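> Residue numbers (the working numbering): 264 to 373.
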Amino acid sequence: MIPLLGLLAGIVVGLVLEPNVPLALQPYLPIAIVAAMDALFGAFRAYLEGSFSDRVFVVSFISNVLIAAAIVYVGDQIGVGSQLSTGVVVVLGIRIFTNVAAIRRALFRA
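1) With 16 as the cutoff for other CB atoms within 10 Å, does F307 come out buried or exposed?
2) Using a Cβ-Cβ cutoff of less than 7 Å, which residues in the same chain neighbour F324 once the five nearest sequence positions on both sides are dropped?
3) Can you give me the Cβ contacts of R367 inside the same chain, cut-off strictly under 7 Å, excluding the 5 residues immediately before and after it?
4) Please determine, among V284, V279, V363 and G277, the residue with the shortest C-alpha to C-alpha distance to I305.
5) What is the DSSP secondary structure of A373, counted as helix, strand or coil?
6) Please name the residue in V321, V322, G350 and F320 whose C-alpha comes closest to that of I334.
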């Protein structure tokens with residue numbers, strides 16, 4: 264219940280404050296969101312499997328976001344940012360769908 268309340272509070276605060284992302288960080292925001300979603304779905308899968316660890320989740324969440332953003336940043340610096348962005352999204356997308364499939368199997372036994 265606490266995570267849902269935290270999510271709801273975060274949404275309300277975001278809607279009320281309407282934060283602006285600096286222009287320099289805008290290219291990295293979608294990649295960071297996909298990386299964060301990967302960590303969240305992985306955590307939910309681990310929870311359903313009975314192997315969830317809050318420490319692993321926090322480290323996974325932060326490292327996923329930072330590494331994905333760093334890969335895209337390096338790609339921007341060498342002139343292949345869009346290709347590396349696509350690569351990061353594809354890899355994380357595959358991981359997200361794999362986790363969702365495992366979650367579906369755990370919840371619905373299907």
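Cβ coordinates follow ideal geometry from the N, Cα and C atoms, glycine included.
A quick note: this is a predicted structure, and the numbers were derived from the prediction, not measured.
Looking at the coordinates:
1) The residue in question, F307, is buried, as its Cβ has 16 or more Cβ neighbours within 10 Å.
2) Around F324, the same chain offers A299 and A302 as residues with beta carbons nearer than 7 Å, after the five sequence neighbours per side are excluded.
3) So the qualifying residues of the chain are A373.
4) A small fix is needed here, since residue 305 is Gly in this sequence, not Ile. Ranked by Cα distance from G305, the first of V284, V279, V363 and G277 is V363.
5) Of the three classes helix, strand and coil, the one that applies to A373 here is coil, per DSSP.
6) By alpha-carbon distance to I334, the top candidate from V321, V322, G350 and F320 is G350.
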